[in-house]
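Written out below as structure tokens is the structure these notes cover.
Protein chains: 2
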Amino acid sequence: MNGAQSLVQTLINGGVDVCFTNPGTSEIHFVAACDQVAGMRTVLGLFEGVCTGAADGYARMLGKPAATLVHLGPGLGNGLANLHNARRANSPVISIVGEHATYHVQHDAPLTTDIESIARSVSGWVRTSQSAAAVPTDGAEAIAAAMMPPGQVATLILPGDCCWNESVAPQPKPEFPKPAAVDPKTIDEIAAVLRKGEPTVLLLAGQLMLEKGLRLAGRIARASGARIIGQRVNGRSQRGAGRVVISRLPYPVPPALEMLKGTTRLILAGSKPPVSFFAWPNMPNWLTPDGCRIHTLSEPHEDGVGAFEALADLIGAPAEPEEVYKLDRPPLPTGELTAGKIWQALVALMPEEAIISDEGVTSSRDADKWTTTAPPHDWLNVTGGAIGQGMPVATGAAVACPDRKVFSMEADGSGMYTLQSLWTQAREQLDVVTVIFSNRAYKILFGELKRVGVEEAGPNASAMFSLSQPDINWVKLAQGMGVHGMRAETCEQFNKYLEAAIQSKGPHLIEAVI
Amino acid sequence: MNGAQSLVQTLINGGVDVCFTNPGTSEIHFVAACDQVAGMRTVLGLFEGVCTGAADGYARMLGKPAATLVHLGPGLGNGLANLHNARRANSPVISIVGEHATYHVQHDAPLTTDIESIARSVSGWVRTSQSAAAVPTDGAEAIAAAMMPPGQVATLILPGDCCWNESVAPQPKPEFPKPAAVDPKTIDEIAAVLRKGEPTVLLLAGQLMLEKGLRLAGRIARASGARIIGQRVNGRSQRGAGRVVISRLPYPVPPALEMLKGTTRLILAGSKPPVSFFAWPNMPNWLTPDGCRIHTLSEPHEDGVGAFEALADLIGAPAEPEEVYKLDRPPLPTGELTAGKIWQALVALMPEEAIISDEGVTSSRDADKWTTTAPPHDWLNVTGGAIGQGMPVATGAAVACPDRKVFSMEADGSGMYTLQSLWTQAREQLDVVTVIFSNRAYKILFGELKRVGVEEAGPNASAMFSLSQPDINWVKLAQGMGVHGMRAETCEQFNKYLEAAIQSKGPHLIEAVI
Numbered sequence: 004m005n006g007a008q009s010l011v012q013t014l015i016n017g018g019v020d021v022c023f024t025n026p027g028t029s030e031i032h033f034v035a036a037c038d039q040v041a042g043m044r045t046v047l048g049l050f051e052g053v054c055t056g057a058a059d060g061y062a063r064m065l066g067k068p069a070a071t072l073v074h075l076g077p078g079l080g081n082g083l084a085n086l087h088n089a090r091r092a093n094s095p096v097i098s099i100v101g102e103h104a105t106y107h108v109q110h111d112a113p114l115t116t117d118i119e120s121i122a123r124s125v126s127g128w129v130r131t132s133q134s135a136a137a138v139p140t141d142g143a144e145a146i147a148a149a150m151m152p153p154g155q156v157a158t159l160i161l162p163g164d165c166c167w168n169e170s171v172a173p174q175p176k177p178e179f180p181k182p183a184a185v186d187p188k189t190i191d192e193i194a195a196v197l198r199k200g201e202p203t204v205l206l207l208a209g210q211l212m213l214e215k216g217l218r219l220a221g222r223i224a225r226a227s228g229a230r231i232i233g234q235r236v237n238g239r240s241q242r243g244a245g246r247v248v249i250s251r252l253p254y255p256v257p258p259a260l261e262m263l264k265g266t267t268r269l270i271l272a273g274s275k276p277p278v279s280f281f282a283w284p285n286m287p288n289w290l291t292p293d294g295c296r297i298h299t300l301s302e303p304h305e306d307g308v309g310a311f312e313a314l315a316d317l318i319g320a321p322a323e324p325e326e327v328y329k330l331d332r333p334p335l336p337t338g339e340l341t342a343g344k345i346w347q348a349l350v351a352l353m354p355e356e357a358i359i360s361d362e363g364v365t366s367s368r369d370a371d372k373w374t375t376t377a378p379p380h381d382w383l384n385v386t387g388g389a390i391g392q393g394m395p396v397a398t399g400a401a402v403a404c405p406d407r408k409v410f411s412m413e414a415d416g417s418g419m420y421t422l423q424s425l426w427t428q429a430r431e432q433l434d435v436v437t438v439i440f441s442n443r444a445y446k447i448l449f450g451e452l453k454r455v456g457v458e459e460a461g462p463n464a465s466a467m468f469s470l471s472q473p474d475i476n477w478v479k480l481a482q483g484m485g486v487h488g489m490r491a492e493t494c495e496q497f498n499k500y501l502e503a504a505i506q507s508k509g510p511h512l513i514e515a516v517i
Numbered sequence: 004m005n006g007a008q009s010l011v012q013t014l015i016n017g018g019v020d021v022c023f024t025n026p027g028t029s030e031i032h033f034v035a036a037c038d039q040v041a042g043m044r045t046v047l048g049l050f051e052g053v054c055t056g057a058a059d060g061y062a063r064m065l066g067k068p069a070a071t072l073v074h075l076g077p078g079l080g081n082g083l084a085n086l087h088n089a090r091r092a093n094s095p096v097i098s099i100v101g102e103h104a105t106y107h108v109q110h111d112a113p114l115t116t117d118i119e120s121i122a123r124s125v126s127g128w129v130r131t132s133q134s135a136a137a138v139p140t141d142g143a144e145a146i147a148a149a150m151m152p153p154g155q156v157a158t159l160i161l162p163g164d165c166c167w168n169e170s171v172a173p174q175p176k177p178e179f180p181k182p183a184a185v186d187p188k189t190i191d192e193i194a195a196v197l198r199k200g201e202p203t204v205l206l207l208a209g210q211l212m213l214e215k216g217l218r219l220a221g222r223i224a225r226a227s228g229a230r231i232i233g234q235r236v237n238g239r240s241q242r243g244a245g246r247v248v249i250s251r252l253p254y255p256v257p258p259a260l261e262m263l264k265g266t267t268r269l270i271l272a273g274s275k276p277p278v279s280f281f282a283w284p285n286m287p288n289w290l291t292p293d294g295c296r297i298h299t300l301s302e303p304h305e306d307g308v309g310a311f312e313a314l315a316d317l318i319g320a321p322a323e324p325e326e327v328y329k330l331d332r333p334p335l336p337t338g339e340l341t342a343g344k345i346w347q348a349l350v351a352l353m354p355e356e357a358i359i360s361d362e363g364v365t366s367s368r369d370a371d372k373w374t375t376t377a378p379p380h381d382w383l384n385v386t387g388g389a390i391g392q393g394m395p396v397a398t399g400a401a402v403a404c405p406d407r408k409v410f411s412m413e414a415d416g417s418g419m420y421t422l423q424s425l426w427t428q429a430r431e432q433l434d435v436v437t438v439i440f441s442n443r444a445y446k447i448l449f450g451e452l453k454r455v456g457v458e459e460a461g462p463n464a465s466a467m468f469s470l471s472q473p474d475i476n477w478v479k480l481a482q483g484m485g486v487h488g489m490r491a492e493t494c495e496q497f498n499k500y501l502e503a504a505i506q507s508k509g510p511h512l513i514e515a516v517i
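Protein sequence lines, in the order shown, are assigned to chains A and B. Heads up, the first sequence is in our numbering, so the first residue is 4 and it goes up one at a time. Heads up, the second sequence is in our numbering, so the first residue is 4 and it goes up one at a time.
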């Protein structure tokens, strides 16, 4: 058994049985091993950002890693932005990067790069295998590292000769580290804070944005009078009818400050102290009000749900939260198509347990207004601010959950970064409906320009923020990659196409011209 | 004048007047400054790899840097593969990376990344500006660093507040460092080696692959009997009728060994000792024959042309090289379309002084056979082995040389990495003819699989190396981005479309199904 074969078997033993790949010569033995060892599903992406984003989406839905396989430093570079997003989502990912044979690196052949330095910027764990015999152990440790709570990117750099030389037996499934329990003293302290009855906010993130955590938060809020607010971006949150009512911190600074105004106690539950996404001139970037005290109930790597359970008991929380969202499907929209009406139509038509990958950017501003009362669904945010995530994450979520409908709600500017995702959706016949908000602009940047005091965009800025001249034809782009594409210019067209796409299995794209 | 304005003026003063951009919020002041200060041409790419590859192509043709402008670590990641290629081409590039405001980095907001570590993997010079007042000096030093012979990537990381705060006056054009002269003693030693009359190879790279250097090499070869061989991949080489006859080291190891067999003296002229592109099992990776002595005439950063001039004088080289290629346009091909016939048709029809960006991979195997006798032209290789370079480099070369026809000869697999280039070509109405060798496979990988001893690709390998299921429709992809697209399935169709594309200005794409 060579190194590659022993690694593939080790991955399968550890439950890692999907590999999103864009291989080259140095990964050839790994690919061959996927035929020589049974049980690994390989999914091809035509660009590495598709692979890494898909692994992120897969991990968010299943809580376990897929592997990615890319070609030396440049392949890793191409996948880096979505590994950055995966890092911010705390997604477990096994990032396997092919490398020159150990004895070849010294010669500085054209593809030689400092892979470790690039990998470290996004990884919690990085190792370069030193021999074929070390590879299965390295693989098992990579799995355990990826599963280290709350989840992280583990990068295994694999020199060619470590793949082709004779290795040793595969490793069994490694022990997965469990999240650390929160110290009972901390829970006592937080209970004491809540009992004071001051204006208090519970700021939620991570696991606590899923149904169980939200429900506990709602019970604690009911008992204590604290407000519950979600971190702005979350790897995965569960929303819609039956879920606890919660706000999210807004992106612009003024309404975020307004939301936290008057708060004297901020309790972090898997979250970090809230700061603005960017700093802007003459604008605060620290969002907590002056004099507000910050308390930490649970760190991201700790068992936040367990801490909430103990806290709810301690303060005698009632069995039910105060308020949950009720199902309220709006009527189908009519007339002129707008971003808001697209969300309205989606809520009118979407099935239960849908997965929404949201990269609508400015077109998602009205999303909350409509979707909170939608049937229960999962929501996947752009966690690291690196656009080009939405379509790959949707792709991976669809691989993870073949029985659920995935909606990829995508800004046109963001979509262009990793449009190759559509081809993978076509090849794998994934059940993804992509909606392109086609406003033909990096619309957010016009807003940002105003935010820094330029009222009127000049010719260079106008050109740099516009996606017209020429207009992008998303229907042709979809068809070019084997995905059924439609263009909607009115609500009536959009409703009809969306309904048809929901009724049939497999990938569809609707270019919604707004 | 704020930091961004002073930087833009400093760049213009230094001759850097083109910026390939994909900006975000942290780059907004730079974009605004391009309207407030006259003289900067901004070119939008819808993916950062387009911008960095275009800057590489621009630099190869003009020998001076363009700027790129990208958004924090993830934007740099997206552009990294083509900066890697630029590094291998020794192209001067000013890579400007927006960063959070200096006081915001500590808060670890979602987009925060270790930009310097990522940048160092491809840059000869990296600096993060510390204040608005420092920005113009940093900009001028970046230009000088990029122009440090033989040329390199200089990365300037620009925190938001360094752009928006009040700065100082722009810097004038910096002094450009000149290539160091080769020590006359070294030239004497090489002359002595040549006079021995042993089987000697002059291995050329860099500037020596351009007309002047080639001609000198041809004269030295004629006087000494040495053979001249070019490094396999070169940022830019000048070829075709009237240029000196030269071989290039092949990619596969056996013919490369064969080419160097019997050589007892290898003289490096701007080149490195030849090694194989990858290491393969049971195959040598060091290509120089046993016992062959290696001598260095000039390092890449030295004045290789000057050294050749001195050497030619010293050994009394004749005024003319022995052999130059003669113009020989083949007849137009007929019948079934093949990769070789596409090159044949190109040579039959191409105008003088064309620029060829070659990312044909396996489809370029027959390129040399046809193109050496083509009208004089420039040839741009994938220098760092990171595919996805060809179309961006063609884009940048067309911006640099608006009066020359650019042919972007592109494998379908490679083309999919940075297909967004087509949109930039359409917006800027660049005179680029893209030919897609549509063989619907990563064909090279089937060969690599055989090279490691797997005769028959299994189902996983077959699926991972195939670009069919679904077939990619390049005509629709081109049209989707505003580029005129055509599909050719016979030589007759291809000839007709190619001729039409050559006759008209502006971007065209021909999908050649082979």
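Glycine included, every Cβ here is placed at the ideal spot set by N, Cα and C.
Beta bridge counterpart(s) of V256(B) as assigned by DSSP: Answer is none; V256(B) lacks a bridge partner.
So, are the CB atoms of Y420(A) and F50(B) less than 7 Å apart? yes
Pick out whichever of I249(A), F280(A), H511(A) has its Cα sitting closest to the Cα of V108(B). F280(A)
P162(A), enclosing beta strand (DSSP E) - first and last residue: 156-162
So the candidates are R90(B), I99(B), G142(B); which of them puts its Cα closest to the Cα of D117(A)? R90(B)
Span separating the alpha-carbon of K264(A) from that of D293(A): 9 Å
Looking at F23(B): is its Cβ nearer than 7 Å to the Cβ of A58(B)? yes
State the start and end residues of the unbroken alpha helix (DSSP H) segment that holds C37(B). 31-39
How close, in whole Å, do the beta carbons of A194(A) and L314(A) come, if the pair is a contact with beta carbons under 8 Å? 6 Å
What did DSSP end up calling H103(B) once you bin it into helix, strand or coil? coil
Cα separation between R246(A) and S507(A)? 28 Å
Measure from the C-beta of I439(A) to each C-beta in chain B and report whether the shortest distance is under 7 Å. no
State the start and end residues of the unbroken alpha helix (DSSP H) segment that holds A320(B). That residue, A320(B), is in no alpha helix (DSSP H); it is neither H nor E in DSSP.
Give the DSSP-derived three-state secondary structure of V402(A) in the structure shown. helix
If you run the structure through DSSP and keep just helix, strand and coil, what is S134(A)? coil
Chain-order list of residues whose beta-carbon lies under 6 Å from that of S367(A) (same chain, five-residue window excluded): D361
Note down, in chain order, all residues in the segment 29-49 of chain A with a beta-carbon under 8 Å from any beta-carbon belonging to chain B. S29, I31, H32, V34, A35, C37, D38, Q39, M43, T45, L47, L49
Where the alpha helix (DSSP H) containing H304(B) begins and where it ends: No alpha helix (DSSP H) contains H304(B), which DSSP labels as neither H nor E.
Expressed to the nearest angstrom, what Euclidean distance is found between the alpha-carbon atoms of R218(B) and A397(B)? 26 Å
So, does the segment 198-214 of chain B touch the segment 228-248 of chain B, judging by three or more C-beta pairs under 8 Å? yes
Give me the DSSP bridge partner(s) of W382(B). S240(B), I359(B)
Run through DSSP, which three-state label would M467(A) get? helix
Counting beta carbon pairs with one atom in the segment 465-482 of chain A and one in the segment 304-320 of chain A, are three or more of them shorter than 8 Å? no
Just curious, the beta strand (DSSP E) that G233(B) is in, first and last residue? 230-233
Tell me, which residues are paired with I513(A) by DSSP? V438(A), M489(A)
May I ask which residues mark the beginning and end of the alpha helix (DSSP H) holding S9(A)? 6-16
Residues of chain A with a CB under 7 Å from the CB of R430(B): which are they? Q472, P473
Pull up the distance between the alpha-carbon of S411(B) and that of F440(B), whole angstroms please. 11 Å
Kindly indicate which three-state DSSP category C535(A) falls into: helix, strand or coil? Because chain A spans 4 through 517 in this model, residue 535(A) falls outside it and cannot be assessed.
Less than 7 Å between C-beta atoms, sequence neighbours within five positions excluded: which residues of the same chain meet that for A515(A)? L340, I345, V438, I439, F440, S441, A491, F497
Let me confirm a value: S240(A) is counted as buried when at least 16 other C-beta atoms fall within 10 Å, else exposed. Which label applies? buried
Selection from Q423(B), G483(B), A348(B), R454(B) that minimises the alpha carbon distance to I505(B): A348(B)
I'd like to know if Y61(A) contacts chain B, where contact means its C-beta is closer than 7 Å to some C-beta of that chain. no
For L72(B) and T55(B), I'd like the C-alpha separation in whole angstroms. 9 Å
Tell me, to the nearest whole angstrom, how far the beta carbon of P152(A) is from that of P180(A); I am working on the premise that it is less than 8 Å. 6 Å
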